[in-house]
Amino acid sequence: MAEQEASGLQVLLSTLQFHRSETDAGNRCYASITEAALRAVWASKKPLGSAGEVRIGRFAMNGTRQRCQSASSASPSRSSCDKDVILNILGVLTDLLSLGTGRRIQYVISKGGSEALLQALAIAAQAKPPDHSILLPLLRLLARVGQRDRKFGLKAQKSEVTDTILSLARRNLGHHLHLIHCLWVLRVCAYNVTTGATLGINGAMELLFKVISPYSKRHVRTVRAAIEALAALLKSKPNSRQAVSRGYLGELLRLYQDWHHNDVSNHYIYIRRGLLLCLKHITNIQMGRETFLGSRGMEILFASVQDCLAGKNLDSIITTAIQILRKCYPKESLPLRRVTSSYCFPLPGNAKAEPPCEASESDESDGEEEAEKYLDIEDVESKDEDYDLETDVTKLRSQPVLDRPEEELEQYEAMCPELAQKFQVLEFESEEEKCLENRTESLPSTPSHFVPSAASVKHSNCKWRNQCVTEMGPDPGKNEFRVPFQCWTKEEKCRWDQTDGKRGNEEAAQGASSCEEEHPARSHAFALRPPPEDVAERLESSDLVTKLLEKHQGDIPFHSPLFYLARAKCVKSIPSYKDLAFPDFWGHQAPPHSKPVLERNYGVQRDKVLDDIRRLIQPGDVIGRTVFDVDEPSPSSPGVPGCLQFFSQFESGNLRKAIQVREFEYDLVMNADVNSNQHHQWFYFEVREMKLAVSYRFNIINCEKFNSQFNYGMQPVLYSVKEALQGRPRWLRAGHDICYYKNHYRCRAATGEGTRGKFYYTLTFSIKFPHKDDVCYLAYHYPYTYSTMMSHLDMLEQSRNPKKVYWRQQTLCQTLGGNGCPLLTITAMPESKTGEDLEQFCSRPYVFLMARVHPGESNASWVMKGTLEFLVSTDPIADLLRKCFIFKIIPMLNPDGVINGNHRCSLSGDDLNRQWLTPNSQLHPTIYHAKGLLYYLRSIGRAPLVFCDYHGHSQKKNVFLYGCSIKETLWQAGCMVDTAVITEDVGYRTLPKILDKVAPAFVMNSCSFLVEKSRESTARVVVWKEMGVLRSYTMESTYCSCSHGLYKGVQLGTQELEEMGSKFCLGLLILHLKSLPCSQKVMAQAALLLDLEEEITDRAQRRCSSSSLETDDEPPCVEEIDYNADSCSDGEEDFSELDQEIQECLSWAEGEREDEGATMGQTCSSKALRGLYISGQPASSSAALPLHSPALGMYSGFESSPV
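First residue of the sequence shown? That's 602 in our numbering, and the numbers climb one at a time after it.
What follows is the structure, encoded as structure tokens:
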């Protein structure tokens, strides 16, 4: 059979060689095209098959013999024979390209097939009269090839064929089969906007409107082809403007209404959708949107969508109509007086807090392009980074440099007491003799950076929170909850702290007293937010908080309300918080079971968007009442009956405004980061006065991210006070009907103070609260406040075994807001005071860990919590790990941002993870001194073995690492890498590979080791380049779930995040054993422990999926997710659609002529065509016409070959 294929192709090639020797230009064109098509057969991975090749070979041989015979015959028969040969060649091409894949057509295009076909068309059209038996198959081939050739329109314009096509269309207005073929090619040419604009100038739109109007069911195939060609033309903005100015938009709306009302059986779905595509392209320009609104287009399309919702297979119409409605919804500014943050912080020196300023606002005619170009700062981190890979080898190489005078590094010696000469005297003192100052020790010398005092925080330019509840006159019952810190004595401690001993409570009280003495302005009484009223009524009115603790006892590891209160009082915030959120005070306990990702209901986004549009069209039921506003606090009042009450002015809280839209629906506006007008993502607020079994809808309307895991099963978290008091104190994933989409709000120059082009997105979700009149808290992710961290450190220090765990807590520096940034040192105590053990202690390599540089990434703090708890635990692996490393840890690098509810920035309005190249000691003190400490360690030859910065990723699944590699960056960028010149230690991959095996949430295939220009100022890259740390990483933890492994399809909770922190420690131990020399004792101990650990890990791995290769980060959703109002997912360039249309029109032409008075279902003799119009979906692309079909080649005489 293979020999038959080869012989068949050989005959064809011989035929082509004969044709190429002819002088006739037309035959040479066809010969070159056929040769390209035949070569495409060989290039394709899907050949026609032996029988097909032989049939084509026999056919070509017959054509050759016929051609040879005609060459010796009389002259009158020569033209007839030439026509037969041309038709035969066109038939061969049609067979080859219709049965093959797109790969064959691409090969034909690469060999100049488009140009040859266009030239052939120009020659054939010159015939007088035109020979349609040649023109029609030629036009069909042009349509099939042209739609896959991105430059086809330009090629047609260059060949001057566009006028030819228009001329053929005009001449065939009365012959619909011929006209349809011209319209197909016209549509393909118009895919190029430049060619489309030229066609528009030459009268193409007027021609098409003659075909499609007025409404008639006669010649529906022609109407469909004309409408689809018009949609392609209108992608050109000049054509759209011309259409608006000539009144075509109103005509399109009338036509759409006629087709919509008369298409009761849904036979003409493609015609209706084609009209919507025309409207969609026209409304891409501002003039089109204004005319659309003035023509009542919103009302017309909204009503038609309502009619279509109940119909089946009408999604293409509904989706396109909703895209138009969203785009044309009048743009509004956010319901705020200004978009900058409610809080302003005066910066030291001459620095000024100014929001980012861009160019002045321009015309919105290019709104669709702006939508595609706009990306949030962090979105750059989530997309493919090839565009900004660093390819300068000089910049990629390690460059040890100092950004400060060398003498400044001496101050950081005090932060390494473990290296002190008299360590043994200092560290073997009894724990009872240590005082609180050791845990909060600051730099001994006067810091060189500016540290504002408490008084300097209260500046005349600051935006302060409203007065506290007591000053507004709350009801008497709530006054009982305002308890001064002096009331907390050791006699009133709860059972959580009994194991801590008396010293813990005394130190907590001592710490509170010292805070009061240092900051007399902050000696106000803190208030725990009031619990539900029925709980308060069951307790005595006096000393309500104490009674609450006595009655509702709990046992949450490493949490104590007393410690939390003591630490919370010392916190300095811009709004001077005087209220404590109940979840932070009471604590969180991980639920016993993980929550699977939420299954997205089909059509949920569509329904939410239609509800938003209904507000504009049917505003009768819109309430529009502001029920909470940080900027304009209303006097204390009992609230509107039946309305939810909101509050967010507590540590890490973020809710700026709440507007009641309908009875059970609320629009929520988040506050921007301090000294900024952007970074809206983090939210954390209280809600009360809810009803039971009622679904409340919340719309957060000023989100900024282009993408969100909320569209892929992520849920916000909810904390119920009633549940907590019943013994279930936990944050739970909650909410249904969740989706994330672009809305109609914009940040304009008038309100944005210079910022333009900012698009906002809506996160919408519905909640059914578990109890009536409960007090609940909603948050973006599991909150972890600064006070929570500080109290957690206090409890960790008390829980450790001081004879085994070396723990030193110091203050790295004071933040801009006057809060301390803690620095921890953790390692194992020397086994003895001998010189050998002390030398081993001091020579341990360093590991430097940081977290929470971005305040909204609370998941990073939960991972850090797991790391810290493991490091001080009694686990034998932890004990061995402490003997191997000295850990320097900054558990929260941006305390001010966390305290004030920021998402990304510090009080300076800067992203601190973009300041590592040149940090400012006044504006970025934590970065400046963290980098200084790293410089110091490098200067004494103790650069960390591993540096890791813990982060959270809002758009990706899994836990993974970003690292740094010169070779991988250059390879990814497509650069030549001379391995003899560029050498690199591949040890940076060891730790990720280890974590991939030991940590269930970690996925190696999600890791990246590329160095990008946009991230040259991040901690990871700077520490790698300037400190020479090979293993410098950013560890990203998902907010949502994992794509494979043990936690596939499960939303990660605090327990899984903490586990990741402990598994990271295990990975460090294995890394140490693989990379560094170890004593025999350590190796033997590790071998025993790791065998047990490996057995546990293997058992867990066997329970999970065996797949180790990562597929798409996001699986397909049931509903097509449309983040943008300007989505291009309209199927216009679906090649199979036009191919199917061509094929079925031919099937119809073969069976019967078009019946002008019949409906589409009665006219179609082809079942596939009838099904196409009834279902509205393209038929299977596998239904290609057979080789022997006379409709394809317009020839006969094939000899059938046995298959």
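No residue lacks a Cβ here, since even glycine has one placed at the ideal position from N, Cα and C.
If you're wondering where the values come from, they're calculated on a predicted model, not measured in any experiment.
Cβ-based burial, residue i [other Cβ within 10 Å; buried from 16]
i: asparagine 1503; result: buried
i: isoleucine 1175; result: buried
i: valine 1288; result: buried
i: leucine 915; result: buried
i: aspartate 1597; result: buried
i: isoleucine 1301; result: buried
i: leucine 1003; result: exposed
i: isoleucine 1595; result: buried
i: methionine 1073; result: Confidence at methionine 1073 is low in this model, with a pLDDT of 31, below 50, so its placement is unreliable and the value that follows should be read with caution. Per the 10 Å Cβ criterion, exposed.
Residues that residue i bridges to, as DSSP identifies them
i: leucine 1364; result: Ile1301, Tyr1341
i: valine 1002; result: Note: valine 1002 sits in no beta bridge, so no partner.
i: aspartate 1185; result: Answer is none; aspartate 1185 lacks a bridge partner.
i: serine 1642; result: Gln1652
i: cysteine 1377; result: Val1288, Ser1321
i: asparagine 1420; result: Paired residues: none, contrary to the question.
i: threonine 1635; result: Asp1550, Tyr1563
i: isoleucine 1427; result: Trp1408, Phe1488
Residue from the options with nearest C-alpha to residue i
i: leucine 1379; options: Leu1450, Ser1367, Leu878; result: Ser1367
i: glutamate 1738; options: His1455, Arg749, Leu926; result: Arg749
i: leucine 1149; options: Ile1157, Pro1162, Pro1158; result: Pro1162
i: cysteine 945; options: Tyr930, Ser1676, Ile1478, Asp1274; result: Asp1274
i: glutamate 1008; options: Pro949, Asp1230, Phe1311, Ser1540; result: Ser1540
i: alanine 1685; options: Ile1478, Ser943, Leu1469, Asn1514; result: Ile1478
i: glutamate 1266; options: Phe1248, Phe1299, Ile735, Val1295; result: Phe1299
i: phenylalanine 1164; options: Glu1151, Gly1204, Asp1395, Ala1687; result: Asp1395
CB of residue i within 7 Å of CB of residue j, strictly
i: threonine 765; j: alanine 725; result: no
i: leucine 926; j: isoleucine 1214; result: yes
i: threonine 763; j: leucine 800; result: yes
i: leucine 850; j: threonine 892; result: yes
i: leucine 767; j: asparagine 773; result: no
i: serine 1609; j: tyrosine 1563; result: yes
i: leucine 688; j: leucine 742; result: no
i: tyrosine 871; j: arginine 825; result: yes
i: leucine 854; j: glycine 898; result: yes
i: leucine 698; j: arginine 771; result: no
i: serine 905; j: histidine 861; result: yes
i: aspartate 1222; j: threonine 1386; result: no
i: valine 1547; j: valine 1448; result: yes
i: threonine 884; j: cysteine 929; result: yes
i: histidine 1393; j: phenylalanine 1159; result: yes
i: leucine 1826; j: valine 1464; result: Absent from the model: residue 1826. The displayed extent of the chain is 602 to 1804, so no value can be given.
Limits of the unbroken beta strand (DSSP E) element including residue i
i: glutamate 1470; result: That residue, glutamate 1470, is in no beta strand (DSSP E); its alpha helix (DSSP H) goes 1459–1472.
i: threonine 1527; result: Per DSSP, threonine 1527 belongs to no beta strand (DSSP E); it is in the alpha helix (DSSP H), 1526–1540.
i: tryptophan 1625; result: Taken as a continuous stretch (DSSP letters only), tryptophan 1625 belongs to no beta strand (DSSP E), being part of the alpha helix (DSSP H) at 1620–1627.
i: aspartate 1268; result: 1266–1270
i: lysine 1258; result: 1258–1263
i: threonine 1227; result: 1226–1230
i: cysteine 1414; result: 1406–1415
i: alanine 1814; result: Because the chain here runs from 602 to 1804, residue 1814 falls outside it and cannot be looked at.
Start-to-end residues for the alpha helix (DSSP H) that takes in residue i
i: alanine 1602; result: Neither: alanine 1602 is in no alpha helix (DSSP H) and is coded neither H nor E.
i: cysteine 1443; result: 1436–1443
i: lysine 1489; result: It is not in any alpha helix (DSSP H) - lysine 1489 instead sits in the beta strand (DSSP E) that spans 1487–1491.
i: arginine 1331; result: Neither: arginine 1331 is in no alpha helix (DSSP H) and is coded neither H nor E.
i: tyrosine 849; result: 849–863
i: glutamine 924; result: 916–929
i: glutamine 720; result: 714–726
Below-7 Å beta-carbon distance, residue i vs any chain C residue
i: leucine 1677; result: Considering every chain present, this structure includes no chain C. It has just one protein chain.
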